[in-house]
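Asks: Protein chains in written order, with my numbering: chain A, 1 to 116; chain B, 117 to 227.
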């Protein structure tokens with residue numbers, strides 16, 4: 001199993017450009033998440049999805065959109081990139097959280113995005 | 117909202133020393149998770165705890181689920197250079213569908 005994969009690994013954008021980050025998981029997980037991590041900081045939740053066709057806002061959703069058309073994929077979009085969105089983006093997936101047995105999230109390797 | 121307070125924020129130790137870090141919350145958690153993030157990589161799960169009082173080991177790592185359900189501890193014995201990284205605690209938010217993460221403990225080891 002590949003686990004959680006993310007593409008691309010690195011990207012440089014100019015202010016105002018758009019892009020889509022792709023996350024894929026092969027563990028048949030229901031839940032998927034997008035986080036951002038700034039230098040020296042912890043993880044901040046952008047958006048998440050508890051199933052195919054459903055998405056919800058996290059802690060820092062502004063400037064991002066997401067889609068979950070297939071259970072195994074979760075896309076993060078930046079419609080008009082800004083320098084403040086320079087960060088490392090992590091995708092994660094899990095079984096349903098809070099049901100007492102399998103709360104662990106599994107993370108991808110990250111996408112390093114620079115917006116000039 | 118629920119928050120996890122992780123301490124210390126950073127540690128500078130000598131190789132071979134033992135390490136202790138902890139995570140506390142004002143709310144009860146039913147699960148405690150400990151992750152490690154190597155430089156330039158995504159977080160990797162080290163230990164998962166599901167019962168109050170539970171003590172679980174993974175090699176030189178030992179984690180405990182506090183009796184009050186409001187704290188957890190991670191210990192690393194006889195540290196080695198590859199232990200360098202950021203350690204995060206995490207737990208599921210009550211009634212929500214997501215985890216909350218601590219701010220992380222950055223571990224640096226002097227050879």
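Positions of the beta carbon are idealized from the N, C-alpha and C atoms, including for glycine. Keep in mind it's a predicted model, so treat the numbers as computed, not measured.
(1) Excluding the five sequence neighbours on either side, which residues of its own chain have a C-beta within less than 6 Å of the C-beta of residue 148 of chain B, listed in chain order?
(2) Where does residue 17 of chain A fall in DSSP's three states?
(3) With 16 other CB atoms within 10 Å as the buried threshold, where does residue 43 of chain A fall?
(4) Measuring CB atoms only, is the stretch 38-53 of chain A touching the stretch 124-143 of chain B, in the sense that at least three cross pairs come out at less than 8 Å?
(5) Please report how far the alpha carbon of residue 194 of chain B lies from the alpha carbon of residue 127 of chain B, in whole angstroms.
(6) Exposed or buried, which one is residue 82 of chain A when buried takes at least 16 other CB atoms within 10 Å?
(7) Out of B:133, B:145, B:132, B:192, which has the shortest C-alpha to C-alpha gap to residue 120 of chain B?
(8) Which bits of chain A does residue 164 of chain B rub up against, with CB to CB less than 8 Å?
(9) Who are residue 1 of chain A's beta bridge partners in DSSP?
(10) Pick helix, strand or coil for residue 187 of chain B, following the three-state DSSP scheme.
(11) Compare the C-alpha of residue 134 of chain B against each of B:178, B:214, B:125 and name the closest.
(12) Taking the alpha carbon of residue 196 of chain B as the reference point, which residue from B:212, B:130, B:205, B:173 has its own alpha carbon closest?
Replies: The relevant details are as follows:
(1) For the purposes of this step, residue 148 of chain B is taken as residue 32 along the second chain, with counting starting at 1. So the list reads 165, 181, 188, 207, once near-sequence residues are dropped.
(2) Along the first chain, read from residue 1 onward, the residue named residue 17 of chain A stands at position 17. Looking at residue 17 of chain A - three-state DSSP - the assignment turns out to be coil, as it is neither helix nor strand.
(3) Here the question's residue 43 of chain A lines up with position 43 in the first chain. Buried.
(4) no
(5) For this step, residue 194 of chain B is matched to residue 78 along the second chain. For this step, residue 127 of chain B is matched to residue 11 along the second chain. Going by the C-alpha atoms only, they are around 15 Å apart.
(6) Within the first chain, numbered from 1, the residue matching residue 82 of chain A stands at position 82. When all chains shown are included, residue 82 of chain A counts as exposed.
(7) Taking the first residue of the second chain as position 1, residue 120 of chain B is located at position 4. Per the Cα distances, B:145.
(8) For this step, residue 164 of chain B is matched to residue 48 along the second chain. Residues of chain A passing the Cβ test: 103, 104.
(9) Counted from its first residue, the first chain places residue 1 of chain A at position 1. The partner list for residue 1 of chain A (beta bridge, DSSP) is empty, contrary to what the question assumes.
(10) Counting from one through the second chain, the residue named residue 187 of chain B turns up at place 71. Of the three classes helix, strand and coil, the one that applies to residue 187 of chain B here is strand, per DSSP.
(11) Locating residue 134 of chain B in the second chain gives position 18, where the first residue counts as 1. Selected option, being the one with the closest Cα: B:178.
(12) In the second chain, counting from the first residue as 1, residue 196 of chain B sits at position 80. For residue 196 of chain B, the nearest C-alpha among the options comes from B:130.
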